[in-house]
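Asks: Note that my numbering has the sequence shown beginning at 11, numbered continuously upward.
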Amino acid sequence: MDAKGWETNVKLGYDDFKLFIGYTFTGAQSDENGRKRPNPLTAKHRLNNILIYTSSKA
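(1) Which residues share a DSSP beta bridge with L29?
(2) Within the continuous beta strand (DSSP E) that includes K46, where are the two ends?
(3) Would you be able to state if there are at least three C-beta pairs under 8 Å between the region 21-31 and the region 58-67?
(4) Among N19, G23 and N43, which has the Cα closest to the Cα of G32?
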């Protein structure tokens, strides 16, 4: 198994809201008997995001 890739993340904020966005690219290959082919069980592109609300009022 050989895997290479990269990841990037962004954090945005407005008042009591925070938005986290991330993207991951993974190029995974399996080596079977000298033949390299993409690994079908590894996602090539992955996007994740989280929106958080925190009240500053007590």
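Here a beta-carbon is modelled for each residue, glycine too, at the ideal position from N, C-alpha and C.
In this text, all values refer to a predicted model and were calculated from it rather than measured experimentally.
Replies: This is what the structure holds:
(1) According to DSSP, L29 bridges with L22 and L61.
(2) R45 to P48
(3) yes
(4) Of the listed residues, the one whose Cα sits closest to G32 is N19.
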